[in-house]
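Each residue of the sequence shown is one higher than the one before, counting from 3 in my numbering.
All C-beta atoms, glycine included, are put in the ideal place defined by N, C-alpha and C.
Presented below is the structure to which this report refers.
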Amino acid sequence: MRVKRRAMFNDCARAPVGADVGRLDREGMSKNLIFISCGQLSEQEKTLGILLKTVIDGTPGFEAYFAETVQDLEALGRHVLDAIRGCVGAVVVLHDRGMVIGLDGQEWGYRSSVWIHQELAILAYRQFFEAKKLPILAFADPKVKLEGAMTALIVNPGQLGAAQDVASAVKAWLAASGFGSASDEAFHRKWSQLSESARKVVASLLEESGHSVKETAVRRAAMRLFNIDSNTSSEVVRKAKLEFIQTDLVKLIQNVHSGDELSVHPTWEFYLRRQVAEWSATQSRDK
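This is the structure we're talking about:
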């Protein structure tokens, strides 16, 4: 497929406007973060995005992430992806980005921003990985054809009209929608409840793949990673299992025939792997 008119990519690498994105993981978790995915090719589009951010920031209990153009992948990973990962919902604005011509030379339809397609795909993956619904409010130019992840995440998008009408719809959506707590916040609460010994067991479990690992293999990994003897390893794992029951970060699977097994909870696997990597690096520096 090809686009009839020249594509413009000013809205394909973006960083924060307004709020300090460094607050997303810690300080900002006291509020529900709403991700704004909106084109920025024109001043009109940028103005709409900033208006929506202002509306959301002005609603008690919420803050918004909106972005402006940047040029480096570091900022992309640090800001945009962090915001997508930490948000409890999203407002998506699908502007027209041109007619697409199929390989047969026929007009396929009008496509919206490829960048917004990518953001929606990540949100779709989050819904699948975390097994929970993310509220998404979408507005589309009447000409835009939905495709890919949009068909799974967006049902009956509102028509993209006047900026104030869109802002009013966002206010109503914030009041009416049910938002779950941010995954980062929930994870850090659970992680903070783990003792240092239990964290060593998590690291040992992940060392052995993290899925359906025999308890004996976890004990051996703990001995190897943390230079502890067999008796200490057994006691550490025994106590950690009690903490896992309370936090649900690790699932315990009883098997009377071949030995009990441990598996990281699929909802928290991404967070556990990231946190254990950071924790292990800290442990190494402190030695």
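Return helix, strand or coil for residue i, following the three-state DSSP convention.
i, result
"G30", "Note that G30 scores a pLDDT of 41, beneath 50, so its modelled location is shaky; the value from the coordinates is reported in the next line. G30: helix per DSSP, three-state reduction."
"W270", "coil"
"K306", "Nothing about residue 306 can be read from this structure; the chain reaches only from 3 to 289."
"V116", "helix"
"V95", "strand"
"L105", "coil"
"R275", "helix"
"G88", "helix"
"G163", "coil"
"S179", "coil"
Is residue i near the ligand HEM, judged by its Cβ being under 6 Å from some heavy atom?
i, result
"L244", "The model depicted lacks the ligand HEM and carries no ligand whatsoever."
So the candidates are the options; which of them puts its Cα closest to the Cα of residue i?
i, options, result
"H259", "L274, K216, D84 and L227", "K216"
"L196", "Q277, V57, R113 and L54", "Q277"
"L251", "F189, F131, S179 and M225", "F189"
"R222", "N233, T61 and H213", "N233"
"L208", "L162, L274 and A177", "L274"
"Q248", "R99, H267, G212 and S236", "H267"
"V116", "P144, G104 and L96", "L96"
"I138", "R226, L105 and V94", "V94"
"M101", "F181, E132 and P144", "P144"
"P62", "E245, A171, L176 and G111", "L176"
"D98", "E47, Q108 and V90", "E47"
Return the Cβ separation of residue i and residue j in integer angstroms, given the expectation that the two are a contact with Cβ distance under 8 Å.
i, j, result
"R201", "K147", "R201 to K147, Cβ: 48 Å. No contact."
"I36", "A66", "5 Å"
"L125", "I86", "6 Å"
Beta carbon of residue i, beta carbon of residue j: below 7 Å?
i, j, result
"A142", "L162", "yes"
"G88", "D186", "yes"
"A169", "V57", "yes"
"V220", "S211", "no"
- Minimum length 3: unbroken beta strand (DSSP E) runs contained in the segment 134 to 160: 138 to 142
- Sequence ranges, beta strand (DSSP E) only - wholly within the segment 190 to 272, length at least 3: 252 to 255 and 263 to 266, all fully within the segment 190 to 272.
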